[in-house]
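Asker: Numbering (the numbering used here), first residue to last: 1037 to 1359. For glycine and all other residues, C-beta sits at the position ideal for the given N, C-alpha and C. I'd like to ask some things about the structure below.
Here it is as structure tokens:
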């Protein structure tokens, strides 16, 4: 119930205890029934959050995450090319390695490296900035600070998915170069001429959904384990703890989202425009449901297991240097 309050009864003092939030209007002042403020807590403190701390955490968390991801992609690029090729064409890891090597030697495994590094930097910046920023924002806000960490991560995941959606063209170019080699860009240019600029957003919905689900599972698991596992006190145990958290988070996220990534790559690489369900049916027709769920999964688990270890350790190391 909104209670009217006469002006002469209102004294904005640090000692006042108000059983609600004061709202000024042309008719006077009203009290909205929110939990009472504690002694020595002003209305401004009640309604505000630490914007500076939020921005600092978001920017530094994003930058450190991007740097960590940059190093992991640079190190694991050959395996990432194998994985992307498997998403489109299937086959075992050893078969794909032989195929790619025959196609262009060892340099074939690094096709799309520059754009992959750019994508890794910018996307991981968005992922980790969203995660770090949202968590600090909620911690700085009275009504949201006590929410479960998995609930807070939902909002970070939505922000990260929107960020990925914007940069879908970067992912499309990288994927085409990894799967098609030197002929990839001419194929993509021809597809753009035929179907228009929307070609660059092929697989965008799959990217957004897999980004949302994958981000939530990865960072939800990371945040939950980080908050609940006992703290380590020696350097070795700290590294082991971070590595374990990163590995578990990556495996869970990759296993659930793999089929979406298979469909996304199929749509991006197809020479003709193809819808998501048609792409899924084409994969099932070739390799069955097992192919839809499992193409490239073993390679991805290997990559992201190693990457998760590297990312967690490097990210936390760089964060702790500044925060």
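1) What's the C-alpha gap between residue 1188 and residue 1165?
2) Let me make sure I understand the geometry here. Which of 1346, 1335, 1322, 1329 has the alpha-carbon closest to that of residue 1125?
3) Quick check: the stretch 1148-1159 against the stretch 1324-1332, are at least 3 beta-carbon pairs closer than 8 angstroms?
4) Buried or exposed, going by whether 16 or more other CB atoms sit within 10 Å of the CB of residue 1034?
5) Could you tell me the boundaries of the alpha helix (DSSP H) in which residue 1246 lies?
6) Quick one: which unbroken beta strand (DSSP E) runs of 3-plus residues sit fully inside the stretch 1121-1152? Chain order, please.
7) Does any residue of chain C bring its CB to less than 8 angstroms from the CB of residue 1169?
8) Run through DSSP, which three-state label would residue 1203 get?
9) Compare the C-alpha of residue 1260 against each of 1281, 1134, 1172 and name the closest.
10) Assign residue 1340 to one of two classes, buried (16 or more other C-beta atoms within 10 Å of its C-beta) or exposed (fewer than that).
11) Around the C-beta of residue 1169, are 16 or more other C-beta atoms found within 10 angstroms, so that it is buried, or is it exposed?
12) Quick one, which of 1108, 1310, 1115 has its alpha-carbon nearest residue 1143's?
13) Who are the Cβ neighbours of residue 1106 in its own chain at under 7 angstroms, not counting the five residues just before and after it?
14) Relative to the C-alpha of residue 1253, which candidate in 1174, 1194, 1176 has its C-alpha closest?
15) Could you give the DSSP three-state label for residue 1222: helix, strand or coil?
16) At a cut of 8 angstroms, does the stretch 1224-1243 reach the stretch 1291-1300 through at least three beta carbon pairs?
17) Classify residue 1110 as buried or exposed, calling it buried when 16 or more other Cβ atoms lie within 10 Å of its own Cβ.
18) When the Cβ atoms of the stretch 1211-1223 are set against those of the stretch 1302-1316, are three or more pairs found closer than 8 angstroms?
19) Is residue 1306 helix, strand or coil when you go by DSSP?
20) In whole angstroms, what separates the C-alpha of residue 1213 from that of residue 1192?
21) Helix, strand or coil: how does DSSP classify residue 1268 here?
22) Is the beta carbon of residue 1210 less than 8 angstroms from the beta carbon of residue 1148?
23) Which one of 1257, 1265, 1276, 1278 has the shortest CA to CA distance from residue 1167?
24) Tell me which residues share the same chain as residue 1318 and place their Cβ nearer than 8 angstroms to its Cβ, disregarding the 5 neighbours each side in the sequence.
25) Can you give the Cα-Cα distance for residue 1172 and residue 1331, rounded to whole angstroms?
26) Below 8 angstroms between beta carbons: does that hold for residue 1335 and residue 1117?
27) What is the DSSP secondary structure of residue 1177, counted as helix, strand or coil?
28) Quick check: the Cα distance between residue 1159 and residue 1205, rounded to an integer number of angstroms?
29) What does the Cβ neighbour count give for residue 1251, buried or exposed, with the cut at 16 atoms within 10 Å?
30) What do you reckon, are the CB atoms on residue 1247 and residue 1196 nearer than 8 angstroms?
31) With respect to the alpha helix (DSSP H) encompassing residue 1331, which residues constitute its N-terminal and C-terminal limits?
32) Determine the closest residue to residue 1218 out of 1132, 1135, 1315, 1139, with distance taken between C-alpha atoms.
Answerer: Taking the coordinates as given:
1) 14 angstroms
2) 1322
3) no
4) Any question about residue 1034 goes unanswered here, given that the chain covers just 1037 to 1359.
5) 1240-1264
6) none
7) Given the protein chain composition of this structure (a single chain), no chain C is represented.
8) coil
9) 1281
10) Flag for residue 1340 reads buried.
11) buried
12) 1115
13) For residue 1106, where only same-chain residues beyond five positions count, the Cβ hits under 7 angstroms are 1153, 1156, 1157.
14) 1194
15) Correct three-state label for residue 1222: helix.
16) yes
17) exposed
18) yes
19) Coil at residue 1306, not helix or strand.
20) 30 angstroms
21) In this structure, residue 1268 counts as coil in the three-state DSSP scheme.
22) With a cutoff of 8 angstroms on beta-carbon distance, residue 1210 and residue 1148 are scored as near each other.
23) 1257
24) 1302, 1310
25) 37 angstroms
26) Judged by beta-carbon spacing, residue 1117 lies beyond the 8 angstroms limit of residue 1335, meaning their Cβ atoms are not closer than that value.
27) coil
28) 12 angstroms
29) buried
30) yes
31) Residue 1331 -> no alpha helix (DSSP H), and no H or E assigned at all.
32) 1139
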